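Have a look at the structure below, then the notes.
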Amino acid sequence: MNSPLGRLKLVAGERGLRAILWENDKPGRVLLRTMQAVEHDEHLDQTERQLSEYFAGERIEFALELDPVGTEFQLAVWAALRTIPFGESRTYAEIASQIGNPKSVRAVGAANGRNPISIVVPCHRVIGSSGHLTGFAGGLTAKAWLLRLEQGARGPIQGELGIGNPWSIL
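Residue numbers (my numbering): 1 to 170.
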């Protein structure tokens, strides 16, 4: 699908949305299992509609069936990411504490980086402990754009990317 951030490839599994891949995604970043190409899928149609509404500022929550593939730890991290409210952010340390592993900050970062369902599972809302933006599969510019979209839905956007913006890229 086309988006304000470039083309996104939507992948469905048997039980729901399996992945949202960026056009510049690194091969092997996410585990998809063997998939059969489909032209039309109800999960993909719903995902495209809801993402379009999100990008237009008309949706703050996704109501989609998800079918990610990951380890037990990754699934726990991704579930925690889904609890971060629209327009808010958390640090990797806060997510580690939330899942009951306060010393697993680096492992949380690794799981965050392998999140197969970017945007819907809002890994863009996780920031470094210093408040700076850190890795994102779609790139830091896309991460800042998503955070600003959510900030703008709650009030005026201040400044340009990295200038007067609370989420500077360093």
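Heads up, the beta-carbon is just placed ideally off N, CA and C, and yes, glycines get one too. On a predicted model such as this, the values are computed, not experimentally measured, just so you know.
When the Cα atoms are used, what is the spatial distance from residue i to residue j?
i, j, result
"I60", "H124", "14 Å"
"A93", "I84", "14 Å"
"N115", "S130", "22 Å"
"F62", "Y54", "8 Å"
"L81", "G138", "17 Å"
What do you get for residue i, buried or exposed, if any count of 16 or more other CB atoms within 10 angstroms of its CB means buried?
i, result
"G152", "exposed"
"W167", "Since pLDDT at W167 reaches only 44, below the 50 mark, its modelled position is unreliable, and the value read off the structure follows with that caveat. Buried."
"P68", "buried"
"E65", "exposed"
"T71", "exposed"
"E150", "buried"
"G100", "exposed"
Could you tell me if the beta carbon of residue i falls within a distance shorter than 7 Å of some heavy atom in the ligand SAH?
i, result
"K143", "The ligand SAH is not part of the structure shown, which contains no ligands of any sort."
Run through DSSP, which three-state label would residue i get?
i, result
"A142", "helix"
"R7", "strand"
"R18", "strand"
"N2", "strand"
Quick check on the DSSP output: what are the complete alpha helix (DSSP H) runs of length 4 or more inside the region 36-110, in order along the chain?
42-55, 72-81 and 92-98
Three or more beta-carbon pairs under 8 Å between the region 115-123 and the region 11-20, yes or no?
yes
Taking contact to mean 3 or more Cβ pairs, one atom from each stretch, closer than 8 Å, check whether the region 103-112 and the region 68-83 are in contact.
yes
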